[in-house]
Amino acid sequence: MKSKTVTSTRAKWPSDTPERRSVASLIPYARNARTHSDAQVAQIAASIREWGWTNPVLIDEAGTIIAGHGRVMAAQKLKIADVPCIVASGWTDAQKRAYVLADNQLAQNAGWDMDLLSMEVADLVSMDFDVSLIGLSDMAFDATPLDEYPALPDGDKGEFQQMTFTLHNQQAEQVKAAIEVAKGMGTFLSNNENSNGNALARVAETFLTQHG
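For the sequence shown, the numbering used here assigns the number 69 to the initial residue and increments by one for each residue that follows.
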């Protein structure tokens with residue numbers, strides 16, 4: 069297949085002409101393979117409440133959604149009557165169907181610099197920002213060294229990490245209950261003297277054994 073040459077100063081792109089469309093007029097793509105749970109739609113809705121509408125819905129000439137199904141579902145949840153849209157004019161059926169997949173997958177192919185991510189989340193927490201709005205599964209990881217290491221008979225203290233989780237109250241109760249169950253499952257075969265850490269690792273090991 070021949071590649072296309074794109075001249076940014078001359079090409080006409082869908083994003084050049086945003087317009088408002090009523091939510092009721094937008095048609096979900098019948099074969100959209102991307103799923104949106106109620107919890108995820110609620111996250112998107114919370115994001116819209118915090119920052120407004122930052123990313124237009126991509127539709128074809130007939131109003132069928134190509135990209136933005138989750139945002140439209142969030143708009144319905146928030147009872148928003150009309151939303152910004154951009155129209156993919158002149159796209160072939162193959163282009164539209166392929167972009168439905170590409171829009172969801174390409175972003176997932178990116179990674180994270182965990183050190184920078186931890187610093188950013190820690191800064192947001194210190195600024196009293198609700199970090200659940202950023203969508204990282206309500207968890208922020210901090211891999212900074214421990215201030216006080218557990219007493220070790222031998223071994224490398226550098227092998228230990230401190231992990232900080234930001235949880236909803238209900239989630240925290242579930243984690244605490246799981247840790248208590250794990251503590252009652254017998255002696256830990258570990259050089260970590262922190263019982264909570266050992267118990268959480270046992271919970272993770274059990275989950276991975278069953279579902280990994």
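We put the beta carbon where it would ideally sit given N, CA and C, even for glycine.
Since the structure is predicted, the reported quantities are computational estimates derived from the model, not experimental observations.
> How long is the line joining the alpha carbons of Q111 and H104, rounded to whole angstroms?
Replying inline: Between Q111 and H104, the alpha-carbon positions lie close to 10 Å from each other.
> Looking at the structure shown, is P82 part of a helix, part of a strand, or coil, going by DSSP?
Replying inline: Of the three classes helix, strand and coil, the one that applies to P82 here is helix, per DSSP.
>> Looking only at its chain, what residues have a beta carbon closer than 6 Å to the beta carbon of A246, apart from the 5 residues adjacent to it on each side?
In response: The answer, listed in chain order, is V271.
> Distance, Cα to Cα, G158 vs F197?
Replying inline: Cα to Cα, G158 sits roughly 43 Å from F197.
> Under a three-way DSSP split, which group does S90 fall into?
Replying inline: DSSP, reduced to helix, strand and coil, places S90 within a strand of the structure shown.
> How close, in whole Å, do the beta carbons of D128 and K164 come, if the pair is a contact with beta carbons under 8 Å?
Replying inline: Sure, about 6 Å apart at Cβ, within 8 Å.
> Should the region 112-123 be called in touch with the region 176-190, which here means at least 3 C-beta pairs below 8 Å?
Replying inline: The count of Cβ pairs closer than 8 Å, one atom from the region 112-123 and one from the region 176-190, stays below three, leaving the stretches out of contact.
> C153 and V199 look like a contact to me (Cβ under 8 Å); what is the Cβ gap, rounded to whole Å?
Replying inline: No, C153 and V199 are not in contact; Cβ-Cβ is about 30 Å, not under 8 Å.
> By a C-beta neighbour count over all protein chains shown, 10 Å radius and 16 as the cutoff for buried, is L174 buried or exposed?
Replying inline: L174 should be labelled exposed.
> DSSP on A135, reduced to helix/strand/coil?
Replying inline: Looking at A135 - three-state DSSP - the assignment turns out to be strand.
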